[in-house]
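Encoded as structure tokens, the structure appears first; notes follow it.
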Amino acid sequence: MQGKSDLRGEETEVTVTRRVVAGIESRIGRELSAKMGGDISDLKIGRGMVRLRTERPSLLKLCRLLRDAMEFDHLSLLSAVDWDDRFEVVYHIFSYTNCCTMEVKVSVPKDDPRIDSVTPLWEGANWHEREAYDMMGIVFTNHPDPRRILLPQEYEYFPLRKDFKMDLE
Amino acid sequence: MDLWSVSYDLTNLLVDIVNFFIYGLGWLIPGSIGEAFDSLGDWLASPGVMRIFTILMEIILLIVVALLNVVTLIWIERKLLARFWDFRGPFYVGPLGYFQNFADGLKFFLKQIITPIKADKFSYFIAPVIFIGSSILILGTIPIGPEFGITDEGTPVPGSVILAFAIFAVAPFSILVAGWAENNKFTLIGGMRSAAQMMSYEIPLLLSVASVIVLAGSFSFVDVVEAQADMWYAVPLFIGFLVFLVCIVAEVERIPFDLPEAEAELVEGWTTEYSGMRFGFFMMTEYVRGYAGCAIAAALFLGGWNGPAIIPDEFWFLIKAYMVFVIFVWIRASLPRIRTDQILDLGWKRLLPLAMLNLVIAVVLKTLGVF
Amino acid sequence: MAEMWINMGPQHPMTHGLWNLRVKVDGEVIVDAMPEIGYLHRGMEKIFENKNYTQIGPITDRLCYGSSITWNHLYCMTVENLIGVEVPERAKYIRVMAIEIQRIASHMMWLAAYAADIGLLAGFVLAMRDREIMVDLLQMLSGSRLTYNYSRIGGVAADLPPEFERDCLRAIDFFEKRIEEHETLYRDSKIFLMRSEGLGILSREDAINLGVTGPTLRASNVKYDVRKHNSYEVYDEMDFEVQCHSDCDVYGRYVVRMNEMRESCNIVRQALKKMPKGPVRVKTPMYAPEGDAIGRVEDPRGEGIMYVIGDGTDKPYRLKVRSPLFVTLSAAKKMLVGYKVADVVSIMGSIDVCMGETDK
Amino acid sequence: MADKICDRPRREKVSFTGMVLKPMLTTLTQFVRCSLRGRPNTILYPRERQVLPPRYRGKHLLSFTKCIGCGQCVDICPNDCMWMKKIVDPELGKIERPGVDYARCLFCGFCVEICPTDALIMTSEYELSSYDREGMAFEPESLRKDDIVVHEPKQSIKVPAVDFDKCTGKEQCAKVCPVQCIRMVDVDKTGKRMPVIDLTICTQCGKCAEVCPEKAIEMREKLVVMFERPLPVLELEKCTGCGACFRACPSQVIYMAEMPGTEKTLAGGKKGKPKKRAVFALEKCVGCSRCANACRFDALSMVPESKLTSAGKGDAGKKGAGKK
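Protein chains in written order, with numbering that gives the first Met the number 0: chain A, 0 to 168; chain B, 0 to 370; chain C, 0 to 359; chain D, 0 to 323.
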């Protein structure tokens, strides 16, 4: 390319992300079910995604496995969903190495909305978790900075819960 | 026709008008009070008093002319910046938007002047007075033409260069006071930066001026300019001229050295809490200092009012000063602002040695008898 | 001088929006930083839950006023994933073209804002002027200047206007010349290099762990671009190079963005060339099925993700937006500590802050 | 911050002045170019105006004659900035037309896009400011311009539209249709077989309109609106035949058909008028759900087109359609 902005002209060594591996999703799925056993359920594979469901106690174990052994190094999205009977925290974890997304769903009961924080593993989860607390009231234990993020600190409600009705004139 | 005789005539006229009333009162009121009026009129018309009034009148005339130039400079800057950046600049008010500055000044007058509650009231009030007063005072020291400067019956003020730079050096004090008095972290940092920057740039500035004085052998603007009749000092003292330009840009706080009032990081720095016309005066004073810097550069390095006699000497001087200002505008139009530590680095590590070198060149030239 | 906290914001020229960067300084050196956001929170996600799928469209434009087409497209793509609609081929090409034009406009706006930050007013004015070229193209295409509302679920709002192709190619050619002109203001300016090199260093490991995406990540020596490695629409048919830089500093981010603009010009040309004839929109059902879907795009500022859950009605049950800057801002401390107060503007300016998407 | 220092070698030092001159040269070229061309980039706004593209989304214009008052623009507006105003017009009689509140308007253009008759367009007029909030709410009269020029008219198709008042059920159309998109369906208890036209199959050949002996089918122009709209479905048990939906319909979709055999015997032994029911010529329907809103007996429900397709066509479809 002409007129490249980099004046230095040196060939810099850049790590190329993608190692295209066919069927990486199913391999990851197999590996996960071998290592996690009964801790995961609802394993679905498709569209470059591995979807599964796990329980609260085994979340950290799964996440540590994902990060350390399987190179899932980027927590791209953490969303909290308010279902009728439970909360659900959905993690979308991405791997720069093999371009595969992992969707992990964890149910959180409504009367005890606590879940382990994954911030020690991925620092990028920090503000996502604060937002999930802010909007849904899910408490992340061991979070380094468990304050509200978007709303005022003294605000009493959790506005994205379904019982918080929007006042539509 | 020189400034002294014009101001003498003007003062004479004024004193005559005033004395007409005073003598009239003395004629109307009988007794000792009337005599007192008569003697007051005599005192006013006495040569000593007339001399003082004439000098005052000179200062007023000179400053009015200089301020008109300042306004023109602001207009030139706005128009030029606009062309450098592909837009039009002031357009609507007056011919080619010339009166836009007056409109802006009027707007500043209409704004409320807010004093922060926690500000140190006295310093907050006195800082702009010192800043503006000292800056306008510089204008009085710079003669625009051979006969258009402050003279005492035709004798120019001795040591006006020294006086001008002494007054130039007052500003950091007022800026520091202003930054402190506003009781705001940004202004404090801005004031500190400004003081550090101005103080560190005084030294190379004065060194480069010293080289000029060495060559000219006089502290008076008039003598320095007269000494350049054959050759501008910018030619032998080219290094000194560059150092002087850079230092003057830093002294008058223009981009790229405007970090005391860097609007992106310090929100206009030490002027943050000033509002209304006080801020307006600050802004104007910046340009007054800019004009003073350009005029000094023109006088010290570019031969002042020396030039072919096609146009009057005063215009030669102004044209040179304006050209220096255009360079300032051009620099402003194309360079980003640099950082505090970098500006100090530049001042101490680059400009100071260069200024010393320049001084050595001047001394050598003088010793060899070239000048 | 003793250590003190300085509030840079919410009303501060550095913020480009409304947020508060609290920095603790020791003299002029930063020892701690704490970004605080939420001043522009509009409750977007709650609004989404109360509108039907069609009506959400124009509101997603308001997520980021700098690159509204991208967000609008991301929303449409996510909902298409959810209801399983295949978009006509021509619409895909038009979308790619519009997104890339928008990317140029957005990067140009970043350049302008960044130039104003470091005091280079010429850069500000000239970059804003040249952004107009792209805005005019998008205005021609969609009929609006800022919030375009051009993508629809199932295609795009309208086909290319007559003579758009000619104008677009002309504008792109002209713009590429202009980029060179801009580069001389930055690349060849010693003062700009003094203000950008070696500042705000975010190492590769930190960048990945903090979840930073987009040009900031690529300037931290990670060659990852959603368009290339997780391709959507027709990006896999486009020939372009992922720009990255190994400097991990402000200058690297500048280089990445400038080169991305050039790549975008190429992509627009290719999209116009390869664009097939055909319809640009299909009719989509009002009601989305139950289930969830995610959409993932390369926003000019990073990786934008939407996660939508449908419950069989015409309103989404939950629509979660992952805005790239929400995460990038949380890395502010890592980038700032150890540098000078004067560098805050340069470092924070280099990540292209847009509060609309951050606060949602 | 030792760990923050990148280990790459920095670029070799360049002298201060040498690197300052190049950007200054750039601005100088800019200066020369701008001065020589003599036309800087700015637009002197009140004197000069920007040339806006025909697609520009500004103030609306509304054709009162084209508008049928269906109110779909009001329905789709994401920001509730439109409302229907009841007007008595000397020429058009009692009508309802939309007004726009520009203080809330997003200028998204959905109202124009959904309009089934191209009665609403957006112009390039953008100076809409006013001194108070009320001044921003534009009544339909101030938007009125009956002879508007639509820059990009919506794609239109000719569809056969049945007029049930004329139709006598001779079944010619169903026989002649080459793709068999017309089916004759028993309308419950009316004793009448009515043609149901499936627009998804119809090729717009127009043979049915030619062949119809009563001229009950005419080829009408229908604009293609890309938004899916719901269609009305009638529950006959709840219908009382009051005709509220018939009066509410802006698009002449609904016809009141008499149902023989439901006459009440009056006191004098005479037979009264038979009960009526609504029948729908859905090919004309724009999906505005005015009929459903007008129905006081919950007999009408709006079902989206896609669900309707899977369940069968129309109310008649529910009851053994397709058997013929």
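For each residue, glycine too, the CB sits at the ideal point set by N, CA and C.
Residue from the options with nearest C-alpha to residue i
i                : options                                   : result
Leu13 (chain B)  : B:Ser134, B:Phe52 and B:Lys110            : B:Phe52
Val178 (chain D) : D:Gly168, D:Cys207 and D:Lys157           : D:Cys207
Arg295 (chain D) : D:Lys272, D:Lys275 and D:Gly240           : D:Gly240
Leu148 (chain D) : D:Ala136, D:Pro53, D:Cys284 and D:Arg289  : One detail in the question is off: residue 148 (chain D) reads as Val in this sequence, not Leu. With distances taken between Cα atoms, Val148 (chain D) lies closest to D:Pro53.
Lys60 (chain A)  : A:Phe157, A:Arg147, A:Gln152 and A:Asp115 : A:Asp115
Arg61 (chain C)  : C:Val134, C:Tyr147 and C:Leu140           : C:Tyr147
Phe157 (chain A) : C:Tyr185, C:Asp205, C:Glu44 and C:Pro288  : C:Glu44
Met33 (chain C)  : C:Gly348, C:Met354, C:Ala270 and C:Ala330 : C:Ala330
Same chain, Cβ closer than 8 Å to residue i, neighbours up to 5 away in sequence not counted
i                : result
Ala341 (chain C) : Glu27
Lys157 (chain D) : Gln203, Gly205, Met218, Arg219, Glu220 and Lys221
Pro157 (chain B) : Phe218 and Ser219
Ile326 (chain B) : Leu244
Pro9 (chain C)   : Leu17, Trp18, Asn19 and Tyr38
Asn18 (chain B)  : Gly40, Leu43 and Ala44
Asp6 (chain D)   : Residue placement at Asp6 (chain D) is poorly supported in this model, since its pLDDT is 38, which falls under 50; the coordinates still yield a value, given next. No residues qualify anywhere along the chain.
Asp100 (chain D) : Cys80, Met81, Trp82, Met135, Ala136 and Phe137
Under 9 Å from the C-beta of residue i: neighbouring residues of chain D
i                : result
Arg372 (chain B) : The shown model of chain B, from 0 to 370, leaves out residue 372 (chain B), and the question about it has no answer.
Trp329 (chain B) : Met23, Thr26, Leu27 and Phe30
Close beta carbons around residue i, own chain, < 6 Å, minus the five adjacent residues each side
i                : result
Val84 (chain C)  : Gly153 and Thr283
Leu150 (chain A) : Asp133
Leu9 (chain B)   : Met56
Cys293 (chain B) : Ala320, Val323 and Phe324
Arg56 (chain D)  : Phe106, Gly108 and Met121
Gly302 (chain B) : Gln227 and Trp231
Ser134 (chain B) : Thr284, Val287 and Arg288
Val252 (chain D) : Phe279, Ala280, Lys283 and Cys284
Gly251 (chain C) : Ala218 and His244
Lys93 (chain D)  : Val87
Cβ neighbours of residue i in the same chain (closer than 7 Å, five flanking residues each side left out)
i                : result
Ile98 (chain C)  : Ile68, Thr69 and His72
Gly275 (chain B) : Phe107, Lys110, Gln111 and Ile112
Leu65 (chain A)  : Phe71, Ile92 and Met101
Asn100 (chain B) : Val70, Ile73 and Trp74
Pro303 (chain D) : Glu227 and Pro229
Met0 (chain D)   : Only weak support is given to the placement of Met0 (chain D): the predicted model assigns it a pLDDT of 27, under 50, and the value that follows is read from those uncertain coordinates. Correct list: empty, nothing qualifies.
Gly2 (chain A)   : Residue placement at Gly2 (chain A) cannot be trusted, given a pLDDT of 35 that sits under 50; the coordinates are not used to answer.
Phe239 (chain C) : Glu262, Asn265 and Ile266
Tyr74 (chain C)  : Ile55, Gly56, Thr59 and Met305
7 Å Cβ cut-off: residues of chain C touching residue i
i                : result
Ile148 (chain A) : Ile36 and Gly37
Closer than 8 Å at the beta carbon, the chain D residues around residue i
i               : result
Phe98 (chain B) : Those do not exist, as Phe98 (chain B) stays about 17 Å from chain D at its closest Cβ, beyond 8 Å.
Residue i CB to nearest heavy atom of the ligand ATP below 8 Å
i                : result
Gly292 (chain B) : The ligand ATP is not among the ligands present in this structure, which contains no ligands whatsoever.
Bridge-paired residues (DSSP) for residue i
i                : result
Pro34 (chain C)  : C:Leu20
Lys34 (chain A)  : In the DSSP output, where bridge partners are listed per residue, Lys34 (chain A) has none listed.
Arg132 (chain D) : Answer by DSSP bridge pairing: none, since Arg132 (chain D) is not bridged.
Leu318 (chain C) : C:Val307
Lys104 (chain A) : A:Arg52 and A:Val89
Gly301 (chain C) : C:Asp298
Val278 (chain D) : D:Tyr254
Trp82 (chain D)  : D:Gly98
Cross-chain neighbours of residue i in chain A, by beta carbon under 8 Å
i                : result
Val326 (chain C) : Gly123, Trp126 and His127
Cross-chain neighbours of residue i in chain C, by beta carbon under 8 Å
i                : result
Arg338 (chain B) : Met193, Arg194, Lys339, Ala341 and Asp342
Gly47 (chain A)  : Asn229
Chain B contact residues for residue i, given Cβ-Cβ distances below 9 Å
i                : result
Leu125 (chain C) : Trp84 and Asp85
Residue i: contacting residues in chain D (beta-carbon distance under 7 Å)
i                : result
Thr283 (chain C) : Glu227
Exercise. Counting pairs of Cβ atoms below 8 Å between the stretch 62-70 of chain D and the stretch 212-229 of chain C, do you hit three or more?
Worked result: no
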